[in-house]
Ligand SMILES: Nc1ncnc2c1ncn2[C@@H]1O[C@H](COP(=O)(O)OP(=O)(O)OP(=O)(O)O)[C@@H](O)[C@H]1O
Ligand SMILES: [Mg+2]
C-alpha cells in the first residue's frame, strides 16, 4: 500500500537504530497491499455505525482511488472529476430506469460513458498544466452538469434520476437481494476488489513507471522518448474508468442518481478524501473516504453546519499531517 | 572524400524576445566524430545545444539529422530517432533509484503504454540498466535514490540515462559542470570511449578540457560562429586567442 512498488528499490533496508520488525512489516504490507486492502474492506461493515455508511465508504474510496491515479501518481490536480463519477452514475442509471436494461449491461455502460467523457475532457485538459489544468477540468465538468440538468426528459434534471431499481441480483441462479444492506455491500465489494487488483497491477506495470517518471521530471521523461501529453491523457482516461465504475455502483446503491453527483462539490470532496488519506498511496483514498464520511455522519447529528466543522477539521488535519493519515503512517514506518 | 553529415545546422538563429542569442550558425557533424562546442559564458552554447537537441525550435534556420529535416519535431521523438542528450543542469528523476532512472529511460524504446506486464519481469531492461551503471561506474550505488547521490555521481548517472536509448548521436551539455578536475578527466575518458561507437557533440566552456579528445572544435562567441577546425587550428586561431585572453589555449 505504498506509492512505489518495491521492485526497483533496494531489497529490504533496515531502519537505522530502529527495529527491523518495522521494516519487515512495511515490506509485508507493501507486497500484499491488494489482499490486505480487501481484508480490511471485508471487515469494514462490522465497524461502521450502519451498513449503508460502509457502502458509501467503499464507493467513495473507489472514486478517490481513481482520482488518485492522476492526482497522486501523475501530479495532475483535476477539479472536474464529479463529471466522470456522475456520468458513470447516469450512464448506468438511465439504461436501468428508462430502458429496463439489466444491471450487468448497465454497469459497463456507465463505465464506458465515463470513459468516453474522460477521452474528451482529457483531450482538452492534458494540454495544460497546474492551475490551468484544474480550471479546464472544472469548466468542462460544469458544462456536463448543465447539460444533464437541462435534459430533464432523460435525466430527471434537478430532481435527479429516479427508478434505478435493482432489487435483486440473479447471479448464476443465485438470487441475492440488494435490499439487504449486507448482501449489497459484499456484492459491491466484489467489483471494488477487482478494481483494486487491476489498479495495483497498473501501478506495477511499465505504464505505471512512466507515470512516476513524468511526475518526477517531465522534461527528462520527454527527452527519454515519452510523449508526456499522451501519457497524461491515457492516465486521465484510466482514472475516468475507475471513477465511472464508482459512479455506476453508486447509482445501483442509491436506486436514484442525484444531480449532486455532478456538482463541483463532489469534485472537492474526492480531493479532500484523497488528501486526508494520503495522495499517491495505494490505500490512502479508502482511509480518506472512511474518515471523511464518518466525520460527516457524526457531525451531521450534532449540527446542520457539518460542512463548516468538517472543513475546519480537514484544515487542521492537513496542517499537522500534510501527507495525509495513511501517508503519514507509511512515512513513519518506512525503513 | 567527405561522408554525409549525421547532423547539420543550417543558418540557425534564435531570439528570446528582443534579445538575439544566436545568429546564422551553420555547422555539420560527421558520423563518428567527437565535436566540442566551446565559447565563453553566455556565448550561446546551450541555446545552440537546445536547438540541436529539440528542446525548442530555432527562430531561423533548419536542423537536419541523417538528411532528414527535424526542425521543430517534438522533444520525445528525438530519442526514437537515435538522438540522446544530457543537460547542463542535472536533470534526473530525483526520487527514483539510480537503477530505475536508467531502466525507465531504456523502457521508452519498447513499453510506453503497457499497463499489464509486471515491470520487473522485463529482464532485458534491468540487465541493460545494470550494464550501463557498470559502464559509468555506479554499479555499487544502483539502489541509492538519485537525489542522494554525490554531484559527480549524478553527472555520471545523466550519461547512463542518456545512453539507455542506445543513441547514434549523443549530445552532452557541459557533462563536467561542477566536477572536480579528477572527476572531469575521468568523464573525458568515458566520453572518448563512448565515441568509439557513436557520434558525440560536447558543449564545454573550459577549452583545455576538450582539446585532447576532440576531433573538431567549434567556437561560439556572442551567438556567432567564431571559428571551427581541428584543435591545433583552434589553438593558433587569433580571434579565439583574443576571446580567451589570459588563458593558455
Ligand atoms: N530562455 C531564455 N530567455 C532569455 N534569454 C536567454 C534564455 N536562454 C538563454 N538566454 C540568454 O542567451 C544567452 C546565451 O545563453 P546560453 O545559455 O546559450 O549560454 P552558454 O554559452 O551556454 O553559457 P554558459 O557557459 O554559462 O552555459 C545568454 O545571454 C542568456 O542570458
Ligand atoms: Mg550553457
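Residue numbers (full-length UniProt numbering), protein chains in the order written: chain V, 1 to 335; chain R, 1 to 249. All C-beta atoms in this analysis are idealised placements derived from N, C-alpha and C, irrespective of residue type, glycine included. In this text, all values refer to a predicted model and were calculated from it rather than measured experimentally.
Which residues does DSSP list as the beta-bridge partners of residue i?
| i | result |
| --- | --- |
| residue 169 of chain R | R:83 and R:199 |
| residue 168 of chain V | V:177 |
| residue 227 of chain R | R:219 |
| residue 29 of chain R | R:7 |
| residue 69 of chain R | R:64 |
| residue 200 of chain V | DSSP, once it has assigned bridges, lists no residue as partnering residue 200 of chain V. |
| residue 34 of chain R | R:200 |
| residue 145 of chain R | R:97 |
| residue 238 of chain V | Looking at the DSSP assignment, residue 238 of chain V forms no beta bridge with any residue, so it has no partner. |
| residue 161 of chain V | V:257 |
Residue i: beta carbon under 6 Å from a heavy atom of ligand 4?
| i | result |
| --- | --- |
| residue 91 of chain R | By its list of ligands, the structure shown excludes ligand 4, since it contains just ligand 1 and ligand 2. |
Using the Cβ count rule (16 or more neighbours within 10 Å means buried), how would you classify residue i?
| i | result |
| --- | --- |
| residue 175 of chain V | exposed |
| residue 78 of chain V | buried |
| residue 162 of chain V | exposed |
| residue 5 of chain V | Because residue 5 of chain V sits at a pLDDT of 42, beneath the cut-off of 50, its placement in the model cannot be relied upon, and the following sentence gives the value as read from the coordinates. Counting Cβ neighbours within 10 Å, residue 5 of chain V comes out buried, since at least 16 surround it. |
| residue 72 of chain R | exposed |
| residue 46 of chain R | buried |
| residue 302 of chain V | exposed |
| residue 18 of chain R | exposed |
| residue 195 of chain R | buried |
| residue 121 of chain V | buried |
| residue 85 of chain R | buried |
| residue 113 of chain V | buried |
| residue 30 of chain V | buried |
| residue 121 of chain R | exposed |
| residue 319 of chain V | exposed |
| residue 237 of chain R | buried |
| residue 182 of chain R | exposed |
| residue 199 of chain R | buried |
In the DSSP assignment, find the alpha helix (DSSP H) that holds residue i and state where it starts and stops.
| i | result |
| --- | --- |
| residue 119 of chain R | Residue 119 of chain R -> no alpha helix (DSSP H), and no H or E assigned at all. |
| residue 67 of chain V | 51-71 |
| residue 38 of chain V | 33-43 |
| residue 332 of chain V | 325-333 |
| residue 267 of chain V | 264-277 |
| residue 225 of chain V | No alpha helix (DSSP H) holds residue 225 of chain V; DSSP gives it neither H nor E. |
| residue 80 of chain V | Note, residue 80 of chain V: premise wrong, no alpha helix (DSSP H); not H, not E. |
| residue 315 of chain V | 306-320 |
| residue 216 of chain V | 206-216 |
| residue 336 of chain V | The requested residue 336 of chain V does not occur in the structure, where chain V is confined to residues 1 to 335. |
| residue 124 of chain V | 103-125 |
Under a three-way DSSP split, which group does residue i fall into?
| i | result |
| --- | --- |
| residue 47 of chain R | helix |
| residue 26 of chain V | helix |
| residue 15 of chain R | strand |
| residue 183 of chain R | helix |
| residue 55 of chain R | coil |
| residue 39 of chain R | coil |
| residue 236 of chain R | coil |
| residue 21 of chain R | strand |
| residue 257 of chain V | strand |
| residue 97 of chain R | strand |
| residue 138 of chain V | helix |
| residue 47 of chain V | coil |
| residue 138 of chain R | coil |
| residue 294 of chain V | helix |
| residue 8 of chain V | Caution is warranted here: a pLDDT of 39 is assigned to residue 8 of chain V, below 50, making its placement in the model unreliable, and no coordinate value can be reported. |
| residue 92 of chain R | coil |
| residue 241 of chain R | helix |
Following the continuous beta strand (DSSP E) through residue i, name the residue where it begins and the one where it ends.
| i | result |
| --- | --- |
| residue 221 of chain R | 216-221 |
| residue 158 of chain R | Premise fails: residue 158 of chain R lies in the alpha helix (DSSP H), 151-163, not in any beta strand (DSSP E). |
| residue 61 of chain R | 60-65 |
With distances taken Cα to Cα, identify the nearest neighbour of residue i among the options.
| i | options | result |
| --- | --- | --- |
| residue 213 of chain V | R:224, R:93 and R:244 | R:93 |
| residue 221 of chain V | R:232, R:197, R:118 and R:158 | R:158 |
| residue 144 of chain R | R:28, R:80, R:8 and R:95 | R:95 |
| residue 67 of chain V | V:288, V:127, V:225 and V:258 | V:288 |
| residue 16 of chain R | R:33, R:57 and R:28 | R:57 |
| residue 34 of chain V | V:204, V:150, V:119 and V:100 | V:204 |
| residue 99 of chain R | R:126, R:67 and R:76 | R:126 |
| residue 219 of chain V | R:53, R:178 and R:204 | R:53 |
| residue 209 of chain R | R:225, R:200, R:189 and R:193 | R:189 |
| residue 10 of chain R | R:224, R:146 and R:235 | R:224 |
| residue 118 of chain R | V:237, V:233, V:226 and V:210 | V:210 |
| residue 183 of chain V | V:141, V:46 and V:321 | V:46 |
Quick one: list the residues of chain A neighbouring residue i, beta-carbon separation under 7 Å, in chain order.
| i | result |
| --- | --- |
| residue 117 of chain R | Any reference to chain A falls outside this structure, whose protein chains are V and R. |
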